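Since the structure comes first, as structure tokens, the remarks are kept for the end.
In my numbering, the protein residues as written are 1050 to 1326.
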């Protein structure tokens, strides 16, 4: 980590930009403000509907493709303006050589079989920071944002590799598997105790699964395997005191080879005793 920070400061243009300007107010507002913006990316930029730059996720997330196109257009415009500024200082040729070498390395990495190229936050920042090594107010802002993105990426995910398998890329993302359909839901309210019973179909002819898992408030409270005859694997009953102070949330998912597949969206058993899908 210290070596990376030293490289960014000494060799990638951070020192060149910060030490060559006398406008401390500009540095404070633009560079430090941009760094704060990038370091809190998961809050300040959460309105952008892009979680991960993978084709699978981009097609699943509404508005992600349009946002990606807009981001690419914005980065292209910024890149052209930065290249013009480098050309004025006579440093455009060396910058283009650096990015050509980087592009070749990424292209070679993308050809490795059974692995996928993944441009993480910190990798994107390291790639783009040299393009901000010029003493302009815009570069102060751009560089601060990129350094902040680097901090955010390392703090949240660590040094994730650039080349990853499909399983690593998916992480805890959806598998696009079939999810259970409840056949009935029955609520029983007594004087001091209430319970809710869920039932589902377990025919192996219609589903490719071994069992069922139920989460209550995102904690697994039920796991059973289908054997064709057992009623215990066909239903789940959850009890609570009749004076519940808060709603409870239920999610259902199939099991395959002892691993849980995708879960349903949460259904709610309200504190008033109503079941809401």
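Idealized CB from N, CA, C, for every residue including glycine. All values derive from a computational prediction rather than experimental measurement.
Cβ neighbour criterion (16 or more within 10 Å) applied to residue i
| i | result |
| --- | --- |
| residue 1050 | exposed |
| residue 1300 | buried |
| residue 1202 | buried |
| residue 1290 | exposed |
| residue 1139 | exposed |
| residue 1128 | exposed |
| residue 1191 | buried |
| residue 1303 | buried |
| residue 1181 | buried |
| residue 1144 | buried |
| residue 1224 | exposed |
| residue 1171 | buried |
| residue 1169 | buried |
| residue 1312 | buried |
| residue 1262 | buried |
DSSP-derived helix/strand/coil call for residue i
| i | result |
| --- | --- |
| residue 1052 | helix |
| residue 1261 | strand |
| residue 1131 | helix |
| residue 1288 | strand |
| residue 1228 | coil |
| residue 1305 | strand |
| residue 1316 | strand |
| residue 1182 | coil |
| residue 1165 | strand |
| residue 1160 | coil |
| residue 1201 | helix |
| residue 1325 | strand |
| residue 1187 | helix |
| residue 1293 | coil |
| residue 1211 | coil |
| residue 1140 | coil |
Whole-Å CB distance - residue i paired with residue j, under 8 Å assumed
| i | j | result |
| --- | --- | --- |
| residue 1066 | residue 1177 | The pair is not a contact, with the Cβ atoms about 14 Å apart (cut-off 8 Å). |
| residue 1213 | residue 1270 | Not a contact, Cβ separation roughly 33 Å. |
| residue 1134 | residue 1200 | About 25 Å; that fails the 8 Å criterion. |
| residue 1297 | residue 1318 | 5 Å |
| residue 1249 | residue 1230 | 7 Å |
| residue 1243 | residue 1288 | 7 Å |
| residue 1310 | residue 1258 | 7 Å |
task: Spell out a yes or no on whether the stretch 1084-1099 and the stretch 1193-1200 are touching, meaning 3 or more CB-CB pairs, one atom from each, closer than 8 Å.
output: yes
- prompt: Which runs of the alpha helix (DSSP H) fall wholly inside the stretch 1057-1136 and span at least 4 residues, in chain order?
  reply: 1063-1068, 1082-1088, 1090-1093, 1104-1109
task: Report yes or no: do the stretch 1148-1162 and the stretch 1050-1060 share at least 3 C-beta pairs separated by less than 8 Å?
output: no
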